[in-house]
Structures are given as C-alpha cells and as structure tokens.
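Asker:
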Amino acid sequence: DAGVIQSPRHEVTEMGQEVTLRCKPISGHDYLFWYRQTMMRGLELLIYFNNNVPIDDSGMPEDRFSAKMPNASFSTLKIQPSEPRDSAVYFCASSLRGSDTQYFGPGTRLTVL
Amino acid sequence: QKEVEQDPGPLSVPEGAIVSLNCTYSNSAFQYFMWYRQYSRKGPELLMYTYSSGNKEDGRFTAQVDKSSKYISLFIRDSQPSDSATYLCAMSGRQAGTALIFGKGTTLSVSS
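Residue numbers (the working numbering), protein chains in the order written: chain A, 1 to 113; chain B, 1001 to 1112.
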C-alpha cells in the first residue's frame, strides 16, 4: 500500500491567496483527519471525517478554513484568504474503525509570506 | 492548563542509555494512550498503544500509564542513534483511532 498521500509537499504563497491542500487516504480506511503542526502549538486536530461525513470541526481555527471529502479516496483542506499565521505543516491521517492506529501522510509544509 | 503537557527537551543521551519520556494530562476521561514517533520532516507513526492503566512492553520500548496520577511514560532501553526523533504522546477518551489530543513532543538525540 502506498500509504496516505498528500500534495503538494511544499507550498509557498502570498498573504491573501487561496491555498488548497489535498489528501488521499489509505484505501478502505473510513476515518480521515486533518492536523496542523507548529512549534508553538504542537500537533492540533482541525477536523475529521467518518465515511466522508464531517464529524468534528471544532478545531478549525476560523471561517477561512474549510474541508471537504467528496468521496472515500479524496479530501481537501482549503484556506481562503491565507495569512502568515497559517504557516505550518499540515498532516492528513486515516484510520480504520476499531483500529488504534492513525496513519499519517508526509505532510504539506505551507509558508504564507 | 493545557490538556496534555510534555517537556519539549531536547534530550541528548549516549548510545545504550535508558531514556524516560513523560506526559501529564488533566482530563480524567482519557482512556486510550499512545506514543507516536516522528522523524525529521516526516509524519508521526504509532509506536505504542495502551488502554487504561498498566504497562505494555514491545522490544526495547515500555509504555506505562498511571491514571491515578494522570501520568504516562515511555521507556527506551539500550537506546540507538536510530531512536533519534521527536516522541509525541497522544490520548483520547473515546474509541481509539478517533480524535486524539497530542502533547507537543520531546526531541530525543542519541549519540554514538
């Protein structure tokens, strides 16, 4: 299995631009998670889906952030408009119901200038 | 007070040393406790998982949970340079594999 796939791996953009991060979970997994990691705040859960349905989005920092999962094999995290404080590494993870393991992707390193 | 506290280190030890990594937490509802290892510029990967209190051993790694003290530990015996990474504790009050609360991570460096 290829594992969780994220794209792009690196993104540099200017303040005010729209940013879209993409994730392909492991085939057959029914949970998908979006996390953000910074030095100051560590690894924080933003939102997670079960069977493509958002279950908990309480970690989404504000309305500039949105996430979708149109099908079982694809999810996006969008930031519009982006701000310098959004600079972080964004991880996608997936897991199988009843499993104790979340499998993380390699992350997208976002820099907003 | 943050829900999960973890000393960020860095922690530097010589090869072969015993390493102790710790986290404290405040939410008594947590029942699932995990340790993830994260190499530089990689995603975290699950290292150890424990449900409720007690010990669990896997090779050179031992995880301990003391719910009465709200304190979890990870011990690494005979540490190796390949153990150099950031170790994150994580916990949840619900079914394992769902929403996790992570510590900030402790960066460990093992020198040969």
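Note that beta-carbon positions come from the ideal geometry of N, C-alpha and C, so glycine has one too.
Note that the structure is a prediction, hence the values are computed from the model and not measured.
Identify, in the order they occur along the chain, each residue of the same chain with its Cβ nearer than 7 Å to the Cβ of Tyr103 of chain A, setting aside the five sequence neighbours on each side.
Answerer: Residue mapping note: residue 103 of chain A aligns to position 103 of the first sequence, counting from 1. Closer than 7 Å at the Cβ level, and outside the excluded window around Tyr103 of chain A, lie Gly3, Val4, Ile26, Ala93, Ser94, Ser95.
Asker: Going along chain B, which residues have a C-beta under 9 Å from Ala45 of chain A?
Answerer: The residue given as residue 45 of chain A occupies position 45 in the first sequence. Rather than Ala, the amino acid found at residue 45 of chain A in this sequence is Leu. Ordered by position in chain B, the residues that pass the 9 Å Cβ test against Leu45 of chain A are Ala1099, Leu1100, Ile1101, Phe1102.
Asker: Taking Val1004 of chain B as part of the beta strand (DSSP E), name the residues at either end of that continuous run.
Answerer: By 1-based counting over the second sequence, the position of residue 1004 of chain B is 4. Note, Val1004 of chain B: beta strand (DSSP E), 1004-1006.
Asker: Compare the C-beta of Thr101 of chain A against all C-beta atoms of chain B and say whether one is closer than 9 Å.
Answerer: Counting from 1 along the first sequence, the entry for residue 101 of chain A is found at position 101. Taking Cβ atoms only, chain B reaches closer than 9 Å to Thr101 of chain A, which makes this a yes.
Asker: Does Asp1058 of chain B come out as helix, strand or coil in the three-state DSSP assignment?
Answerer: As a first step, residue 1058 of chain B is located in the second sequence; it is residue number 58 there, counting from the start. Asp1058 of chain B falls in the strand class under three-state DSSP.
Asker: Work out the CA separation of Arg1094 of chain B and Phe1030 of chain B for me, nearest whole Å.
Answerer: Taking the first residue of the second sequence as position 1, residue 1030 of chain B is located at position 30. Taking the first residue of the second sequence as position 1, residue 1094 of chain B is located at position 94. So the alpha carbons of these two residues sit roughly 8 Å apart.
Asker: With H, G and I counted as helix, E and B as strand and the rest as coil, what does DSSP make of Pro54 of chain A?
Answerer: One-based indexing of the first sequence puts residue 54 of chain A at position 54. Residue state, collapsed to three classes: strand.
Asker: Chain B beta carbons: is any one of them nearer than 9 Å to that of Pro8 of chain A?
Answerer: Taking the first sequence and counting its residues from 1, one reaches residue 8 of chain A at position 8. No, because no Cβ of chain B sits closer than 9 Å to the Cβ of Pro8 of chain A.
Asker: For Ser99 of chain A and Ser1052 of chain B, what's the separation of their Cα atoms in angstroms?
Answerer: Counting from 1 along the first sequence, the entry for residue 99 of chain A is found at position 99. Counting from 1 along the second sequence, the entry for residue 1052 of chain B is found at position 52. Each residue's Cα considered, the two are about 16 Å apart.
Asker: Please name the residue or residues paired with Phe91 of chain A in a DSSP beta bridge.
Answerer: Taking the first residue of the first sequence as 1, we reach residue 91 of chain A at position 91. Phe91 of chain A is bridged to A:Tyr35.
Asker: Using the Cα positions of Asn51 of chain A and Pro70 of chain A, report the straight-line distance between them to the nearest angstrom.
Answerer: In the first sequence, residue 51 of chain A corresponds to position 51, counting from 1. In the first sequence, residue 70 of chain A corresponds to position 70, counting from 1. Their Cα atoms are separated by approximately 10 Å.
Asker: At a Cβ cut of 9 Å, what residues of the region 69-92 of chain A count as close to chain B, listed as they run along the chain?
Answerer: Here the close residues are Val89, Phe91, Cys92.
Asker: What residue range does the beta strand (DSSP E) around Thr108 of chain A cover?
Answerer: For the purposes of this step, residue 108 of chain A is identified with residue 108 of the first sequence, where counting begins at 1. That run of the beta strand (DSSP E) goes 108-112.
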